Structures are given as C-alpha cells and as structure tokens.
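One structure is given here, and the rest of the page talks about it.
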Amino acid sequence: MTQQTPQSATAQPEPELTGVRNFRDVGGLATTDGRRVARGRLYRSGHLAHATDQDAAFLSTLGLHTILDFRNSSDIALEGPDVGLDGVRNVNMPLSDPAAGADFWMSVREGDLETLHAALGDGRGERRMIGAYRALILERTAEHGRMLELIADAGSVPVLLHCAAGKDRAGTSVAIILLALGVRRDEIEADYLLSNDAHRRYRVQRAAHAEPATTPEVMALLSPLFEARIDYLTAAFDTIEERWGSADRYLADGLGLSDERRARLRALLLEEHSG
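First residue of the sequence shown? That's 0 in numbering that gives the first Met the number 0, and the numbers climb one at a time after it.
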C-alpha cells in the first residue's frame, strides 16, 4: 500500500529538539467524517529523560497539562526519569513488564554477533515485534481504557504521550486514540511511519565492548526492533478484528469507552476542517 504523508507532517516547521527524539504534534490528521485532529492538543515523542534546558523550555511553551509515560521501571532505570515541567501532571502507565524480556534486551545491548543471530536472525526479530504488538492489544486493555478515560477528563489536554523510542507502546496508544476519534486508517498508518525518519530514530545503546550498532551486520539484525514497520501496526489492527470484530466493539467492550466519553474525546481533540 502506498503511504501518504499526513497533513501534520508538512503544515509547519518542527522544533529541533536535542535530547528528545521522535517528537511531533499529531494535529492535522483527517477523520472519516471530514474533521481533523486539532493542533496543539495531542503530542507524541520518545522519552524526556535527556531533554536539554532548551528542550524543556520549548516543551513548556506547549501548555501541556498531562504527560503519559508508558515506560516500565527498567526503562526508567536505564534512561532516567522525565525532566520535570512546571504545572504538568506526569502519569506513569507502564505498558510492559519490567521483568519480561530483560535478558533479551541485555543481549541486544551487550550480546556478540552469535548471540544476536540466535535471538534475531531468520525472522525472529520481526516475529517478536509482531507478537509484542498483538500483546499490547490483548493484554493492555485496562491500561488503554484508563488512558482514554484520563484524556477525556477535563483538564488533561494538551497531552503528550511517550515511551522510550516513541514508536511501539506510544505508537500503538496513539493509534488507539485516533481510532476513537474516527481518523482514517491511512492517516494513522502514515503518522506511525514517520517514526522512521532519520532525525526521529531511537539511538540504540550498545555496550562499549560490543560490536557497534552502526556496523551493517548488527544494523540488519537490530532493524526489526527499531523500525516502525506497517506489518507491526497491521498486526495490532488484525488482532482487534480477530478478537472483537471491529474497532468500535474493541473500544466499547475491550476498553470500556462509552459513547459519552468518546464524544468528549472528539470534542477535546477534533476541529472542523477549514479546507
């Protein structure tokens, strides 16, 4: 499928953040009923732990009310807590178990080529990622339901959502919000794939004694983990269809999203398209 560039990608210059990867305003995406996601309401990014003073100063101009951090305790121990922004509520909502895959991610950072081949070669990296996206849909309904409830509450918007790279846990969560808003699927997919832009990519940390992540062989092995691939998001959508039959049933039955709360989300995050 040919991917289109969402309106938000070209509408206005993006800030040049030094210590925050994959930041963007999700505003501008088109809904099936002709409206658009309003700018300045919903943001996504990688973690804020390494934000510089200049980055924090920019983020402070956004009028954020809430930051949702989907990292687990292991992520936070590795990268550090988010920088604090005055007047902003920080909510940690882990979407992965810190114990799950700890040995695997240690191998990613420290393993030699033989270890990486054993863990990721012959399509194992892709299959792991597809399984992770399916699990985010099937196993994190309580968290995603709480996320929608929190955003729909008065005083939560503007909101910034992030995980470590801002690609998988944040990417799936943003896609769920956009489904609730009625955003067109091609727009959701195009926004998701923006995480592959060179200036957005997560900086892979490898131990000093390990083969660098920039060597072609290591890059080829690690790329399934650190790329946004449409097959991954498709796996999440397919899981919704297989388990609940439709996105509407997933939102209502899986996440407990009422018609009233969905209407509040749309009132908060959508605007009429002015042409």
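Even glycine gets a Cβ: it sits at the ideal position worked out from N, Cα and C.
Being a predicted model, the structure only gives us computed values, none of them experimental.
Through-space distance from residue j to residue i, alpha-carbon basis
| i | j | result |
| --- | --- | --- |
| ALA117 | LEU135 | 25 Å |
| LEU115 | HIS272 | 48 Å |
| VAL173 | ASP85 | 24 Å |
| VAL87 | ILE187 | 27 Å |
| TYR132 | PHE225 | 13 Å |
| LEU61 | LEU232 | 28 Å |
| TRP243 | ASP252 | 8 Å |
| ASP185 | GLY33 | 14 Å |
| LEU250 | LEU256 | 5 Å |
| GLN3 | GLN53 | Any answer about GLN3 is weak, because its pLDDT of 44 lies below 50 and its placement is not dependable; what the coordinates show is given next. Spanning the two alpha carbons is a distance of roughly 32 Å. |
| LEU159 | THR17 | 17 Å |
| PRO223 | LEU268 | 32 Å |
| ARG168 | MET128 | 11 Å |
| THR214 | LEU94 | 31 Å |
| ALA55 | PRO14 | 12 Å |
| GLU240 | ARG123 | 24 Å |
| ASP102 | LEU177 | 34 Å |
Sub-8 Å separation of residue i and residue j beta-carbons
| i | j | result |
| --- | --- | --- |
| LEU112 | GLU216 | yes |
| GLU148 | ARG260 | yes |
| GLY165 | HIS64 | no |
| ASP81 | ALA48 | yes |
| VAL19 | GLY26 | no |
| ASN300 | GLY39 | Past the edges of the chain, shown from 0 to 274, lies residue 300, and the structure says nothing about it. |
| ALA227 | LEU192 | yes |
| ARG43 | ARG70 | no |
| LEU58 | VAL182 | no |
| THR140 | LEU254 | yes |
| THR51 | LEU137 | no |
From the options, residue whose alpha carbon lies closest to that of residue i
| i | options | result |
| --- | --- | --- |
| LEU41 | SER273, HIS272, LEU264 and VAL19 | LEU264 |
| ALA235 | GLY18, ARG126 and ASP24 | ARG126 |
| GLU142 | ASP68, GLY244 and ARG35 | ASP68 |
| MET92 | ARG145, LEU137 and SER44 | ARG145 |
| LEU221 | SER44, LEU58, GLU109 and ARG70 | GLU109 |
| ASP74 | ALA163, LEU178, ASN89 and THR51 | ALA163 |
Exposure of residue i, with buried meaning 16 or more beta-carbon neighbours within 10 Å
| i | result |
| --- | --- |
| ALA219 | exposed |
| THR31 | exposed |
| ARG248 | exposed |
| ASP190 | buried |
| ILE66 | buried |
| ILE229 | exposed |
| ASP196 | exposed |
| ALA151 | buried |
| SER72 | exposed |
| GLY83 | exposed |
| ALA179 | buried |
Any non-hydrogen atom of the ligand NAP closer than 7 Å to residue i Cβ
| i | result |
| --- | --- |
| ASN21 | The ligand content of the structure shown is nil, which means the ligand NAP is not present either. |
What are the complete beta strand (DSSP E) segments, minimum 3 residues, inside the stretch 53-98?
-> Correct list: 65-68 and 88-91.
For the stretch 204-255, list the alpha helix (DSSP H) runs that are entirely contained and at least 4 residues long, ordered along the chain.
-> Secondary structure within the stretch 204-255: the alpha helix (DSSP H) runs of 4 or more consecutive residues, fully enclosed, are 215-225 and 229-243 (chain order).
Counting only runs that start and end within the stretch 125-192, where is the alpha helix (DSSP H) found for 4 or more residues in a row?
-> List check, alpha helix (DSSP H) in window: 140-151, 168-180 and 184-192.
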